[in-house]
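Asks: The structure's right below; bear with me while I get my questions together.
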Amino acid sequence: SSCFFFFLSRRRARAVMPEVAQLVSAAAVSGVFAILVSTRELLNLDKQFVAYAVYHQDHVNKLAHEVCVWPIFLTFLVLFQYTKPVIPGLPFSNHAFVVAALYAGFYLALEQTVYTAAAAGTVCACFITAALMRKYVPKAAAVAIVINVACWVVQFYTHAKHEGRAPALLKNPAQAFFLAPLFVLLEVLFDNGVALDRQQHFDPLVKDGLALIAQNRAQEVSLLEFRPAAAAGCAALFVVLLRDASSTSKAKAQ
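Sequential numbering from 3 applies to the sequence shown in the working numbering.
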């Protein structure tokens with residue numbers, strides 16, 4: 003009988019896993035949205051870049067982020083591919099699609115340049131790659147989790163060992179979670195002698211930001227600002243993301 007109950011419990015666990023994945027994913031995506039709308043000067047690329055760059059000055063730390071940030075983004079999309087569609091009639095509109103659309107749309111709204119267009123294009127490529135991994139890579143979720151965790155560990159290590167400054171997860175979460183993919187793309191271009199005009203524009207602004215940090219005035223660099231509307235918007239998005247549009251569509255068809 004114990005074997006029967008063990009087998010039954012495993013079957014129940016498998017049955018509830020999709021719902022748990024939908025719940026956890028909805029909370030994660032809603033949290034990213036809340037961070038985004040709780041950031042001041044959201045479409046000011048200069049201030050957003052400074053808020054990121056002042057915490058990423060060491061060469062080794064910058065290199066680690068250039069290597070790790072996009073894989074982190076890709077592996078999150080792989081995990082979000084396990085969620086159900088939220089838009090009726092669009093079977094691909096899972097949480098990975100929502101996140102990719104949010105990132106790409108924001109990058110294009112931030113500034114209409116070839117750099118932001120390249121970042122938005124890379125986001126779309128990551129979405130397609132994540133969908134292919136979900137379909138063709140055995141145990142894609144486990145692979146994604148291992149890569150994701152390893153990349154976070156590397157970044158925390160280089161922040162502590164080489165940068166000598168904690169990452170800006172709490173002070174500037176939008177830069178850490180939302181803008182990092184765009185900014186590491188810019189850093190790669192700068193390191194290879196591309197977009198030097200943008201680098202020359204940013205350099206004095208970053209120096210001013212570093213001066214504020216040195217004077218213990220980090221709050222003037224931080225752009226995080228809690229807004230009640232952000233909590234309401236986060237809650238609304240959370241409810242929307244819990245939907246299972248595929249089952250709704252099937253019910254209508256019947």
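Heads up, the beta-carbon is just placed ideally off N, CA and C, and yes, glycines get one too.
All values reported here derive from a predicted model rather than from experimental measurement.
Measure how close the beta-carbons of residue 204 and residue 51 come, nearest whole angstrom, since I'm counting them as under 8 Å.
Replies: Here residue 204 refers to the residue found at position 202 when the sequence shown is read from its first residue. Here residue 51 refers to the residue found at position 49 when the sequence shown is read from its first residue. Contact holds; Cβ gap of about 6 Å.
Asks: Could you compute how far the alpha carbon of residue 81 sits from the alpha carbon of residue 166?
Replies: Stepping through the sequence shown from its first residue, residue 81 is reached at position 79. Stepping through the sequence shown from its first residue, residue 166 is reached at position 164. If I take the Cα positions, the gap works out to 32 Å.
Asks: Kindly provide the ranges of any alpha helix (DSSP H) runs that are 4 or more residues long and lie completely inside the segment 157 to 215, ordered along the chain.
Replies: If we require 4 residues or more, the alpha helix (DSSP H) runs fully inside the segment 157 to 215 come out as 182 to 193.
Asks: For residue 243 and residue 23, I'd like the C-alpha separation in whole angstroms.
Replies: Translated into the one-based positions of the sequence shown, residue 243 becomes position 241. Translated into the one-based positions of the sequence shown, residue 23 becomes position 21. Using only the alpha carbons, I get a separation of about 11 Å.
Asks: Pick helix, strand or coil for residue 21, following the three-state DSSP scheme.
Replies: For the purposes of this step, residue 21 is identified with residue 19 of the sequence shown, where counting begins at 1. Residue state, collapsed to three classes: helix.
Asks: Can you tell me whether residue 85 is buried or exposed, with buried defined as 16 or more other CB within 10 angstroms of its CB?
Replies: As a working note, residue 85 is residue 83 in the sequence shown. Label assigned to residue 85: buried.
Asks: Please state whether the Cβ-Cβ distance between residue 79 and residue 129 is less than 7 Å.
Replies: The sequence position of residue 79 within the sequence shown is 77, counting from 1. The sequence position of residue 129 within the sequence shown is 127, counting from 1. Result yes, Cβ atoms of residue 79 and residue 129 sit closer than 7 Å.
Asks: Counting C-beta neighbours from all protein chains within 10 Å, is the total for residue 107 16 or more, i.e. buried, or is it exposed?
Replies: Stepping through the sequence shown from its first residue, residue 107 is reached at position 105. By the 10 Å Cβ count, residue 107 comes out exposed.
Asks: How would you call residue 157, buried or exposed, if buried means at least 16 neighbouring beta carbons within 10 angstroms?
Replies: For this step, residue 157 is matched to residue 155 along the sequence shown. Under this definition residue 157 is a buried residue.
Asks: For residue 110, which residues of its own chain have a beta-carbon under 8 Å away from its beta-carbon, when the five flanking residues on both sides are left out?
Replies: Residue 110 sits at position 108 when you count from the first residue of the sequence shown. Correct list, in chain order: 118, 119 and 122.
Asks: So what's residue 90 in DSSP terms, helix, strand or just coil?
Replies: As a position in the sequence shown, residue 90 is number 88, starting the count at 1. It is coil, neither helix nor strand.
Asks: Suppose you measure from the CA of residue 140 to the CA of residue 27; what does that come to, to the nearest Å?
Replies: Along the sequence shown, one-based indexing puts residue 140 at 138. Along the sequence shown, one-based indexing puts residue 27 at 25. Using only the alpha carbons, I get a separation of about 21 Å.
Asks: How far does the alpha helix (DSSP H) with residue 67 in it reach, from first residue to last?
Replies: Here residue 67 refers to the residue found at position 65 when the sequence shown is read from its first residue. First-last of the alpha helix (DSSP H) with residue 67: 61 to 82.
Asks: Determine the DSSP secondary structure at residue 97, reduced to helix, strand or coil.
Replies: Within the sequence shown, numbered from 1, the residue matching residue 97 stands at position 95. In the structure shown, residue 97 sits in a helix (DSSP, three-state: H, G or I).
Asks: Alpha carbon to alpha carbon, how far is residue 179 from residue 39? Give it in angstroms, no decimals.
Replies: Sequence index remark: in the sequence shown, residue 39 carries index 37 (1-based). Sequence index remark: in the sequence shown, residue 179 carries index 177 (1-based). Distance between the alpha carbons of residue 39 and residue 179 is about 13 Å.
Asks: State the start and end residues of the unbroken alpha helix (DSSP H) segment that holds residue 50.
Replies: Residue numbering aside, residue 50 sits at position 48 when the sequence shown is read from its first letter. Where residue 50 is concerned, the enclosing alpha helix (DSSP H) stretches over 47 to 55.
Asks: Which one of 61, 96 and 56 has the shortest CA to CA distance from residue 136?
Replies: By 1-based counting over the sequence shown, the position of residue 136 is 134. Of the listed residues, the one whose Cα sits closest to residue 136 is 96.
Asks: Residue 85 lies in the alpha helix (DSSP H); which residues open and close that run?
Replies: Against the sequence shown, residue 85 aligns to sequence position 83. Note, residue 85: premise wrong, no alpha helix (DSSP H); not H, not E.
Asks: If we ignore side chains and look at the alpha-carbon of each, how far apart do residue 194 and residue 153 end up?
Replies: The count along the sequence shown starts at 1 and reaches residue 194 at position 192. The count along the sequence shown starts at 1 and reaches residue 153 at position 151. The alpha-carbon atoms of residue 194 and residue 153 are separated by roughly 23 Å.
Asks: So residue 146 and residue 77 are in contact, right, with Cβ under 8 Å, and what is the actual spacing, rounded?
Replies: Position 144 of the sequence shown, counted from the start, is the residue given in the question as residue 146. Position 75 of the sequence shown, counted from the start, is the residue given in the question as residue 77. At roughly 4 Å, the Cβ-Cβ gap stays under 8 Å, so residue 146 and residue 77 are in contact.
Asks: Just to confirm my understanding: we take residue 105, look at its own chain, exclude 5 residues before and 5 after, and list those with CB closer than 6 Å. What are they?
Replies: Taking the sequence shown and counting its residues from 1, one reaches residue 105 at position 103. Taken in chain order, the residues that qualify are 125.
Asks: Once DSSP output is grouped into helix, strand and coil, what is the label at residue 218?
Replies: Stepping through the sequence shown from its first residue, residue 218 is reached at position 216. If DSSP states are grouped into helix, strand and coil, residue 218 belongs with coil.
Asks: So which of 220, 32 and 37 has the shortest CA-CA distance to residue 175?
Replies: Start at 1 with the first residue of the sequence shown, and residue 175 comes out as number 173. Out of 220, 32 and 37, 37 has the C-alpha closest to the C-alpha of residue 175.
Asks: Taking DSSP as the reference, what is the three-state secondary structure of residue 141?
Replies: On the sequence shown, position 139 is the one that residue 141 refers to. In this structure, residue 141 counts as coil in the three-state DSSP scheme.
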